[in-house]
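If you're matching positions, the sequence shown starts at 21 in this note's numbering and goes up one per residue.
Reading through the structure tokens given below for one structure.
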Amino acid sequence: MTALTVADPERCRARRLGEMPRYRLLDLLVEEGVEALLAVRLGHVARRVMRSDPVQALAVSALVQDASLRRVEGWRGSPLWSEEHRGRLIRLLRPPGDAVADAAYDGAGSGLRGRLLELLPEQPRPVIAVDLGLVERHSLDEAGSLRLQLGALLGVVRRYLWDRHLLLAGLRPGVAEWLRGLMGSVSVSLSWLPSDEALWIRGYRRIILLDPSAPEPLSPDDVLEADAFILGGIVDKVARPGETSRLPLRGLHQPRRLELRGSIHGVPNRINAVAEIILRARYETCGDVEEAIRRTMSRRDARLRAYVELARWSRGKKRTVPWSLYEQLRSWLPLTPEDFAKAARMAGLEVEGSAKAKHITGQR
Numbered sequence: 021m022t023a024l025t026v027a028d029p030e031r032c033r034a035r036r037l038g039e040m041p042r043y044r045l046l047d048l049l050v051e052e053g054v055e056a057l058l059a060v061r062l063g064h065v066a067r068r069v070m071r072s073d074p075v076q077a078l079a080v081s082a083l084v085q086d087a088s089l090r091r092v093e094g095w096r097g098s099p100l101w102s103e104e105h106r107g108r109l110i111r112l113l114r115p116p117g118d119a120v121a122d123a124a125y126d127g128a129g130s131g132l133r134g135r136l137l138e139l140l141p142e143q144p145r146p147v148i149a150v151d152l153g154l155v156e157r158h159s160l161d162e163a164g165s166l167r168l169q170l171g172a173l174l175g176v177v178r179r180y181l182w183d184r185h186l187l188l189a190g191l192r193p194g195v196a197e198w199l200r201g202l203m204g205s206v207s208v209s210l211s212w213l214p215s216d217e218a219l220w221i222r223g224y225r226r227i228i229l230l231d232p233s234a235p236e237p238l239s240p241d242d243v244l245e246a247d248a249f250i251l252g253g254i255v256d257k258v259a260r261p262g263e264t265s266r267l268p269l270r271g272l273h274q275p276r277r278l279e280l281r282g283s284i285h286g287v288p289n290r291i292n293a294v295a296e297i298i299l300r301a302r303y304e305t306c307g308d309v310e311e312a313i314r315r316t317m318s319r320r321d322a323r324l325r326a327y328v329e330l331a332r333w334s335r336g337k338k339r340t341v342p343w344s345l346y347e348q349l350r351s352w353l354p355l356t357p358e359d360f361a362k363a364a365r366m367a368g369l370e371v372e373g374s375a376k377a378k379h380i381t382g383q384r
């Protein structure tokens, strides 16, 4: 089957440079001639993102909690990160160490937030909107899971953007207080309006609703050009097919589905995972939605998709599956031998093949 996604590196690079806060911090460092930046007294926001992208972590922390940027003499640290931006190599240091810094980022300082906001677009793009218009349909257990997924969602957004790119809409009485208790005093936008209407009045026009029952799949152009993406704030421990389509929206959106090789089976459906797929496709895989899905899939997701593929292959008429089918599946699924064996058992099949394959899957 021909993939529906094609990477577009040039548009992808333009999106990264124009939308991610990390590049505004790098712009400031270049303008001030900083070559070695020492990061000190970092808050919890910076520490959470520091391992994956230190520059993004410092930018987000400054935007959420503020910080200061100032010249220093005689301060030293150990190299943590280096990156070339606009023809200048910039190094990031953390104490202790022997490398000399010419400027310091102080997480306990102030003033940097305002400078970054001046460089960022007044209207952030893209916006990840979660519509909570059906929150009252959740059981207590589902509401608890929803709360966890929303907390994880904020972390995903901060990995690429920052809090103002997240909108929680369709709120019911009492939900705003529930959310503030979860997220604290962050800069996430809240709205009592349906999500597509809330986005429309904010000036966003190309609005995509991620709906597994949508008639069309999400395209590379959708990923790279949309102003906003709506995710249903829905957790259904007991499946409720078509639930996203029941959101009380105003029809100001375009519905699209996430699919891998023509099927939604195994595609991650957790709110934070769906957002991760969208942002990965926009900034990392350059419009290749299927690759973004593969990078985001958990072992459970891959095992579920393998089970579906094996069930289709056997059609209930076979009792064994050749090891060669695992080799075929792992060429496009992040599938381990152990999970292939589990998927085969779920489909009522035994794995056959070499002695090595039997050893790996634990068969006798």
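Beta carbons: idealized from backbone N, C-alpha and C, even for Gly.
The model shown is predicted, which means the values in this text are computed figures rather than measured ones.
Rounded to whole angstroms, what is the Cα-Cα separation between residue i and residue j?
i, j, result
"P74", "I254", "32 Å"
"E372", "L168", "41 Å"
"S165", "P193", "20 Å"
"L202", "R178", "16 Å"
"R384", "R365", "Residue placement at R384 is flagged as unreliable, the pLDDT there being 48, under the threshold of 50; a coordinate-derived value is accordingly withheld."
"V155", "V294", "18 Å"
"E358", "W95", "51 Å"
"S159", "R335", "36 Å"
"D161", "E279", "28 Å"
"A259", "I298", "23 Å"
"R33", "K338", "48 Å"
"E347", "L113", "44 Å"
"L62", "L324", "41 Å"
"S132", "A77", "Note that residue 132 is Leu in the sequence shown here, rather than Ser. If you take the alpha carbons of L132 and A77, they lie about 14 Å apart."
"R222", "R314", "33 Å"
"A56", "D118", "12 Å"
"A128", "A87", "6 Å"
"W343", "I284", "25 Å"
"G262", "D151", "15 Å"
"A312", "Q85", "31 Å"
"M70", "N292", "19 Å"
"S102", "R157", "49 Å"
"R302", "L140", "18 Å"
Just grab the DSSP bridge partners of residue i for me.
i, result
"P342", "E372"
"A56", "R111"
"S283", "L280"
"A189", "D151"
Quick one: what's got a C-beta closer than 6 Å to residue i's C-beta in the same chain, skipping five residues either side?
i, result
"D321", "G286 and P288"
"L269", "P214 and D216"
"T25", "Residue confidence for T25 is low, a pLDDT of 47 falling below 50, so the modelled location carries little weight; the figure read from the coordinates is stated next. Closer than 6 Å at Cβ, skipping near neighbours: P240, D308, V309 and E310."
"R31", "L244"
"R108", "V50"
"A234", "P275, R276 and R277"
"L186", "I148, V177 and V208"
"W220", "L272"
Looking at the secondary structure, which residues open and close the beta strand (DSSP E) in which residue i lies?
i, result
"R276", "Q274 to R276"
Quick one: what's got a C-beta closer than 8 Å to residue i's C-beta in the same chain, skipping five residues either side?
i, result
"V92", "L58, A121, D122, A123 and A124"
"L136", "P41, R44, L45, L48, A79, A82 and L83"
"D231", "G252, T264, S265, P275, R276 and R277"
"E104", "I110"
"W198", "R167"
"H64", "none"
Compute the minimum distance between the beta carbon of residue i and the heavy atoms of the ligand NAD, and state whether it is under 8 Å.
i, result
"S72", "The ligand NAD is absent from the structure shown, which contains no ligands of any kind."
Spatial neighbours of residue i within its chain, please: C-beta separation below 7 Å, excluding the five flanking residues on both sides.
i, result
"Y224", "V147, D247 and A248"
"E245", "R226"
"L330", "V341, A363, A364, A367 and L369"
"R290", "Q169"
"L100", "P74, L112, L113 and R114"
"S326", "The question names Ser, but residue 326 is Ala in the sequence shown. Correct list, in chain order: L349, L353, L355, D359, F360 and A363."
"S72", "R179"
Just to confirm the assignment, what range does the alpha helix (DSSP H) spanning residue i have?
i, result
"D28", "Careful: D28 lies outside any alpha helix (DSSP H) and carries neither H nor E."
"S334", "R319 to S334"
"I313", "V309 to T316"
"R300", "I291 to Y303"
"A363", "P357 to M366"
Any alpha helix (DSSP H) of 4 or more consecutive residues that is wholly inside the segment 191 to 252: 195 to 203, 215 to 221 and 240 to 245
Whole runs of the beta strand (DSSP E) within the segment 82 to 163, excluding any shorter than 3 residues: 88 to 91, 96 to 105, 108 to 120, 123 to 126 and 147 to 151
Where in the segment 32 to 56 do unbroken runs of the alpha helix (DSSP H), each at least 4 residues long, occur, reported from the N-terminal end onward? 41 to 51
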